[in-house]
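Numbering-wise (the working numbering), the sequence shown opens with residue 22 and increments by one.
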Amino acid sequence: MMRTAVALGSNLGDRLANSRSARKAILDLPNVKPPILSSAIYETDPVGCEPEAGKFLNAVLEFDYEGDPLDLLKNLKEIESALARPPNHPRNISRAFTKIRASTTRRYPARLGFTGPNENSA
Numbered sequence: 022m023m024r025t026a027v028a029l030g031s032n033l034g035d036r037l038a039n040s041r042s043a044r045k046a047i048l049d050l051p052n053v054k055p056p057i058l059s060s061a062i063y064e065t066d067p068v069g070c071e072p073e074a075g076k077f078l079n080a081v082l083e084f085d086y087e088g089d090p091l092d093l094l095k096n097l098k099e100i101e102s103a104l105a106r107p108p109n110h111p112r113n114i115s116r117a118f119t120k121i122r123a124s125t126t127r128r129y130p131a132r133l134g135f136t137g138p139n140e141n142s143a
């Protein structure tokens with residue numbers, strides 16, 4: 022089992038509803054286990070997006086995950102795709118790993134999107 026944190030961000034449509042939908046979809050995944058922690062929701066300016074991109078609502082979910090991290094990544098990408106997110110454009114929802122056990126990132130660094138030692142702290 023690994024402790025995992027996933028960041029969520031939405032800047033299109035009903036941002037709060039999008040965030041809630043993504044949260045529910047993640048928590049409904051079969052290998053997501055308690056304890057489940059949720060941050061407050063913060064409104065932030067866009068970074069690295071088109072100039073007309075609107076403000077984001079951002080939050081973090083933290084949970085135990087009992088399964089292959091590549092399966093979790095696949096599931097997160099499917100949730101993101103279902104809510105339609107082109108890269109570097111406004112999006113209904115986006116996800117990012119913010120924390121995943123260091124031993125896991127050593128096993129799958131490139132496939133999980135980690136490129137440096139500061140990105141995989143546990």
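Beta carbons are placed, not taken as given, at the ideal position from N, Cα and C, and that holds for glycine.
Handout entry: Whole runs of the beta strand (DSSP E) within the region 61 to 108, excluding any shorter than 3 residues
Key = Every beta strand (DSSP E) stretch that sits fully inside the region 61 to 108 and reaches 3 residues is listed by chain position as 63 to 65 and 77 to 86.
Problem - Pair within 7 Å by beta-carbon distance, glycine 88 and asparagine 52 - result: Translated into positions along the sequence shown, residue 88 becomes position 67. Translated into positions along the sequence shown, residue 52 becomes position 31. Their beta carbons are under 7 Å apart, which means glycine 88 touches asparagine 52 by this criterion.
Practice task
Label threonine 65 either buried or exposed according to how many other C-beta atoms from any shown protein chain fall within 10 Å of its C-beta, with 16 as the threshold for buried.
Solution key: Taking the first residue of the sequence shown as 1, we reach residue 65 at position 44. Note on threonine 65: under 16 other CB atoms within 10 angstroms of its CB, so exposed under the neighbour-count rule.
Exercise for the section: Compute the distance between the beta-carbons of asparagine 79 and glycine 34, then report whether it is under 7 Å. Expected result: Locating residue 79 in the sequence shown gives position 58, counting from the first residue. Locating residue 34 in the sequence shown gives position 13, counting from the first residue. The beta carbons of asparagine 79 and glycine 34 sit no closer together than 7 Å.
Handout entry: One or two residues paired with serine 59 in a DSSP bridge
Key = Against the sequence shown, residue 59 aligns to sequence position 38. For serine 59, the pairing in a beta bridge is given by DSSP as Leu82.
Practice task
Give the DSSP bridge partners of methionine 23, in chain order.
Solution key: As a working note, residue 23 is residue 2 in the sequence shown. As a beta-bridge residue in DSSP terms, methionine 23 pairs with Tyr86.
Exercise for the section: May I ask you to report which of helix, strand or coil DSSP gives arginine 122? Expected result: Working through the sequence shown from its first residue, we reach residue 122 at position 101. In this prediction, arginine 122 scores a pLDDT of 48, lower than 50, which makes its location untrustworthy; the coordinate-derived value is nonetheless stated afterwards. Three-state result, arginine 122: coil.
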